[in-house]
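The sequence shown begins at 7 in our numbering and counts up one residue at a time.
All C-beta atoms in this analysis are idealised placements derived from N, C-alpha and C, irrespective of residue type, glycine included.
Worksheet: one structure, shown below.
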Amino acid sequence: MGAIRIFAFGFVILAFLTAAYAYPHMPEKMASHWGISGEADGYSAKDFGVFFMPLLALAIFGIFIILPELDPLKRNYSPFIREYDTFAALMIIFLYYLYVLTLIYNLGVAFELTRFIAPALGIIIFYMGVLLKKAKQNWFIGIRTPWTLSSERVWDRTHKVLGGIFQAAGVLAFIGVAVPAALMVSVAVLIGAAVFSFIYSYMEFCNEKTAPAERIGRKAQKRASKPAKGG
Numbered sequence: 007m008g009a010i011r012i013f014a015f016g017f018v019i020l021a022f023l024t025a026a027y028a029y030p031h032m033p034e035k036m037a038s039h040w041g042i043s044g045e046a047d048g049y050s051a052k053d054f055g056v057f058f059m060p061l062l063a064l065a066i067f068g069i070f071i072i073l074p075e076l077d078p079l080k081r082n083y084s085p086f087i088r089e090y091d092t093f094a095a096l097m098i099i100f101l102y103y104l105y106v107l108t109l110i111y112n113l114g115v116a117f118e119l120t121r122f123i124a125p126a127l128g129i130i131i132f133y134m135g136v137l138l139k140k141a142k143q144n145w146f147i148g149i150r151t152p153w154t155l156s157s158e159r160v161w162d163r164t165h166k167v168l169g170g171i172f173q174a175a176g177v178l179a180f181i182g183v184a185v186p187a188a189l190m191v192s193v194a195v196l197i198g199a200a201v202f203s204f205i206y207s208y209m210e211f212c213n214e215k216t217a218p219a220e221r222i223g224r225k226a227q228k229r230a231s232k233p234a235k236g237g
């Protein structure tokens, strides 16, 4: 197991240690869901509220470890395995950060949760863009449309463009710490990016298929335009 994965697993252990420490201090009914306004609008039992997030972090860590091993295109992970592991670590850290905020809120400390989540979410989204730009064809990570999975060139071009969009959305989300509306705009950009990726990858695939025919046509025209050599 590499250093980045060990670091990520350390946060999983930390989450369970935090749960053990926090459990006696939590109310029997804990706030566990917040609306867009940042106000708590959902509650859960103490056991679920304290232990769900550490268990989720452990499950996500395990999934990130297993996915490359299950992928038929496992060999393609090598060029971006560092970015893959770093993203997994950031996800675990983000969950732990969110977990700590939840515990603090349930201790009775009033604060606007959205403003604290915005910068962390911005970092996650921005790094998703970094990962997309580096990712090579695989069955689990990235923009997996019929056209990106059919052509390595279409995969690379689509991920380069979408990676930039995700990075821009990440910056917007980060600004949400000061301007809450920016976080909503960031979410809208991500939803739009999902639709755009489908259309863009199809257009790139069509361009790839028509380009060879166009090149052959141009070559034929050039040959036809050349004057015949006298005999």
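Taking 7 Å as the cut-off, the Cβ atoms of LYS139 and GLY169 count as close. Measuring C-alpha to C-alpha distances from PRO78 to each of ILE147, SER38, LEU127 and LEU62 identifies ILE147 as the nearest.
Close CB contacts of ALA188 within its chain, under the 6 Å cut and outside five residues either way in sequence, are with LEU178, ILE181 and GLY182 (chain order). Inside the region 37-117, DSSP marks whole alpha helix (DSSP H) runs of 4 or more residues at positions 52-76 and 87-112, from first to last along the chain. Shown here for ARG121: same chain residues with a beta carbon closer than 6 Å to its own, the five before and five after excluded, namely VAL183 in chain order.
Rounded to the nearest angstrom, the gap between the Cα atoms of THR24 and ALA51 is 17 Å. DSSP, read as helix, strand or coil, puts LYS35 in strand.
In chain order, PHE172 place their CB closer than 6 Å to the CB of MET134, counting only its own chain and leaving out the 5 sequence neighbours on each side. Going by beta carbons, LEU119 and TRP40 fall inside the 7 Å limit. By the CB criterion at 7 Å, ALA46 and TYR102 fall outside the cutoff. Under the DSSP assignment, ILE19 falls in the alpha helix (DSSP H) whose first and last residues are 9-28. As the crow flies, the alpha-carbon of MET190 is around 28 Å from that of TRP161.
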